[in-house]
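Okay, structure first, notes after.
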Amino acid sequence: MTATEDEVELQAAFDGTIARNDRIEPRDWMPEGYRRTLVRQIAQHAHSEIIGMQPEGNWITRAPSLRRKAILLAKVQDEAGHGLYLYSATETLGVSRAELTEMLIEGRQKYSSIFNYPTLSYADVGTIGWLVDGAAICNQVPLCRTSYGPYGRAMIRICKEESFHQRQGYELLMTMMRGTDEQRAMVQESVDRFWWPALMMFGPPDADSPNTAQSMAWGIKRNTNDDLRQRFVDMTVPQAEALGVTLPDPDLRWNDERGHHDFGQPDWEEFMQVVKGNGPCNAQRIAHRRRAHEDGAWVREAATAFAKRTVGEASAPVVEEVAQQPSRNPGREGT
Amino acid sequence: MSHQTPDPNDEHGSVYDGLLGTDTSQWAFGTDFEDPLAGVDTTVPSELDAAELAAYCLALGDDALVLSHRLSEWCSNAPDLEDDIALANIALDLLGQARLLLARAAAADPSVVPTLPDGSPVPVEDALAFFREAVDFRNVRMVEVANGDFAHTVARLLLFATVRLAAFERLATHADPVLAAIAAKGVKELTYHRDYAGRWFLTLAQGTEESRRRLLAGLTGLWPLQAELARAYDAGPEVDVVLDQVFAVSGVERPDVAPMTGRGHTEALSRMLAEMQVVARAHPRGQW
């Protein structure tokens, strides 16, 4: 198939926008491969937020203080909010939330493998905030500059909230380290379990990352996996020292020549197994999402049926009557 | 396609920094436990009985704490993301009410707070929430029964928020200025909770046959506990006016089932508390 003159012009305009580091917007022409890559990446990100509610949500009902319960519940709620904006960003590319949810629960789209590791103690809530959200921030800050406008703008808001979460997680760990010996041991044990999976969050080494080059050329991705992993390690080492925990890597040391830390490689075979679905919680996470989705089907059907029935009908005041009790407080839904 | 992208090193580079900084204002929820009543004069007015006030605040606080727990169980389980977020919001509001009310109870009558080992850093609100036995909880049975489906949650929230809102509107002028202020703050929250539940009540009642059947089952199952709820809050006729209005627009009859006898708790509470208290009790000298 040969490109028509129009397509050549459109492609040139698209390439120009990318070259100038400007944003592509939903109504702009874009190559089909660019659109498909974006849908894959944004959906994967949205799914990660939604599946990511589970490992931490696991501890909401057991949070050991009322203040920690409030912090954790608000955090997991933020993740639902992030999922919501990201699904909205994919909707600007012509794919609905319902379709993406189906893809997730049928295992046709992925989410971050980190959430396939279990949370085994309350310290994990802090460690996930510190290391997992910390790694997510390293991955996501560059995406604020990503070439697709709705994605970049969603990422700006998400990064600000993620950075809040990271601080809260670190603050929990600092508080626990000031507590009892048992608490300090819990923190160390948790860091030992999450350190390597956190490093895996940047994806395979550059040499084995098939999509990186095209994604960087399109301005969707801004740094390579190995660059970001290095940045994360350099950022985290002094934080671990301040906290008083040991990172479980015998090869970790400062390299004066490079001006960076040297560090060991995660077990990439384990990574591949988790990606393939054989991690400790893959089946559980998807089963949970599927159950919640299926259990809610009758509610969504009821809402649709009710909305259809009341559209443009005189029965609209029925809603008003309930809604307009004195002293109602509007506008809370989005907070 | 014209928006200049911002330079991340200016605008967002800051998210890399800060964990090791000394600026404590960057920490959401602060860097340490803060008494929710810090800076408030908690002297009990002389015309009030401090023990009675404490018992009353404890009952109001326990209702909020227990229902907040049940609502938080919906997190990652709701029918849609919007409702996951809304139910978490409501759970957070009630948790906030619980913290203030438990702190008020402890300040009014310190003898309500369980004794912890010497040197335990556990704040009073947590001593009350995590180190009391089920038998000492003062909440009504309505809030503790296990979650059913979404319709059950909607029906429970409608009944609870309607009764509690009417009471909080009265309590906003209570002789104890601390309780009055807590109630005034709660009125705004409860108004939203009632509105959220009322909208869903109507939607489920008039949605599909299945949603209507489930809603009626949830409402009928909870109704035997309504009399105890109404009694605990001294509910006046205004509560029935609101409920009858919601029932009428929804085309639902007020259930014709007898109030449940007995008092105290159902079997659900101690199981719920076993889960809620497990980490805190394992570390009575722990800091969180």
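The listed protein sequences derive, respectively, from chains C and L.
Under my numbering, the first residue of the first sequence is numbered 1, with each subsequent residue one higher.
Under my numbering, the first residue of the second sequence is numbered 336, with each subsequent residue one higher.
Using N, Cα and C, we set each Cβ at its ideal position, and we do this for glycine too.
Pairwise C-alpha distance: residue j and residue i
| i | j | result |
| --- | --- | --- |
| residue 386/L | residue 489/L | 35 Å |
| residue 458/L | residue 374/L | 16 Å |
| residue 32/C | residue 11/C | 11 Å |
| residue 507/L | residue 428/L | 17 Å |
| residue 446/L | residue 406/L | 30 Å |
| residue 614/L | residue 512/L | 35 Å |
| residue 207/C | residue 217/C | 17 Å |
| residue 58/C | residue 119/C | 7 Å |
| residue 416/L | residue 75/C | 14 Å |
| residue 187/C | residue 288/C | 27 Å |
| residue 90/C | residue 149/C | 11 Å |
| residue 600/L | residue 203/C | 51 Å |
| residue 520/L | residue 441/L | 20 Å |
| residue 69/C | residue 283/C | 27 Å |
Closest by C-alpha distance to residue i, when choosing among the options
| i | options | result |
| --- | --- | --- |
| residue 40/C | 259/C, 246/C, 151/C | 151/C |
| residue 557/L | 587/L, 494/L, 527/L | 494/L |
| residue 61/C | 423/L, 370/L, 371/L | 423/L |
| residue 92/C | 224/C, 265/C, 26/C, 135/C | 26/C |
| residue 55/C | 187/C, 128/C, 299/C | 128/C |
| residue 518/L | 527/L, 504/L, 510/L | 504/L |
| residue 293/C | 411/L, 559/L, 446/L | 411/L |
| residue 296/C | 393/L, 484/L, 369/L | 484/L |
| residue 170/C | 181/C, 244/C, 130/C, 98/C | 130/C |
| residue 572/L | 501/L, 450/L, 421/L | 501/L |
| residue 550/L | 524/L, 585/L, 623/L, 560/L | 585/L |
| residue 604/L | 515/L, 397/L, 593/L | 397/L |
| residue 400/L | 368/L, 441/L, 526/L, 478/L | 478/L |
| residue 608/L | 535/L, 538/L, 369/L, 465/L | 465/L |
| residue 539/L | 582/L, 515/L, 524/L, 567/L | 582/L |
| residue 542/L | 298/C, 210/C, 253/C | 298/C |
Cβ-based burial, residue i [other Cβ within 10 Å; buried from 16]
| i | result |
| --- | --- |
| residue 389/L | buried |
| residue 325/L | The requested residue 325/L does not occur in the structure, where chain L is confined to residues 336 to 623. |
| residue 384/L | exposed |
| residue 221/C | buried |
| residue 381/L | exposed |
| residue 255/C | exposed |
| residue 8/C | exposed |
| residue 474/L | buried |
| residue 197/C | buried |
| residue 13/C | exposed |
| residue 378/L | exposed |
| residue 236/C | buried |
| residue 77/C | buried |
| residue 246/C | exposed |
| residue 439/L | buried |
Chain C within 8 Å of residue i, Cβ atoms only
| i | result |
| --- | --- |
| residue 517/L | no |
| residue 601/L | no |
| residue 503/L | no |
| residue 429/L | no |
| residue 441/L | no |
| residue 556/L | no |
| residue 541/L | yes |
| residue 385/L | no |
| residue 415/L | yes |
| residue 434/L | yes |
| residue 394/L | no |
| residue 538/L | yes |
Contact with chain L by residue i, beta-carbon distance below 8 Å
| i | result |
| --- | --- |
| residue 70/C | yes |
| residue 188/C | no |
| residue 122/C | yes |
| residue 91/C | no |
| residue 244/C | no |
| residue 298/C | yes |
| residue 178/C | yes |
| residue 301/C | yes |
| residue 185/C | no |
| residue 202/C | no |
| residue 322/C | In this predicted model, residue 322/C has a pLDDT of only 49, less than 50, meaning its place in the structure is not dependable; the value taken from the coordinates is given anyway. With 8 Å as the cut-off, residue 322/C counts as an interface residue toward chain L. |
| residue 182/C | yes |
| residue 290/C | no |
| residue 305/C | yes |
| residue 343/C | Because chain C is modelled from 1 through 335, residue 343/C falls outside the range shown and cannot be assessed. |
Within chain D, partners of residue i - CB distance below 7 Å
| i | result |
| --- | --- |
| residue 175/C | In the structure shown, chain D does not exist; the protein chains are C and L. |
Going along the chain, which residues of the segment 60-89 of chain C sit with their C-beta nearer than 7 Å to a C-beta in chain L? 60, 61, 62, 64, 65, 66, 67, 68, 69, 70, 71, 73, 74, 76, 77, 80, 81, 83, 84
Contacting positions in the segment 474-508 of chain L - beta carbon closer than 7 Å to chain C: 485
To be precise: take each residue of the segment 36-57 of chain C, compare its Cβ to all Cβ atoms of chain L, and keep it if any distance is under 8 Å. Which residues remain? Within the segment 36-57 of chain C, the residues whose Cβ lies closer than 8 Å to some Cβ of chain L are 50, 53, 54, 57, listed in chain order.
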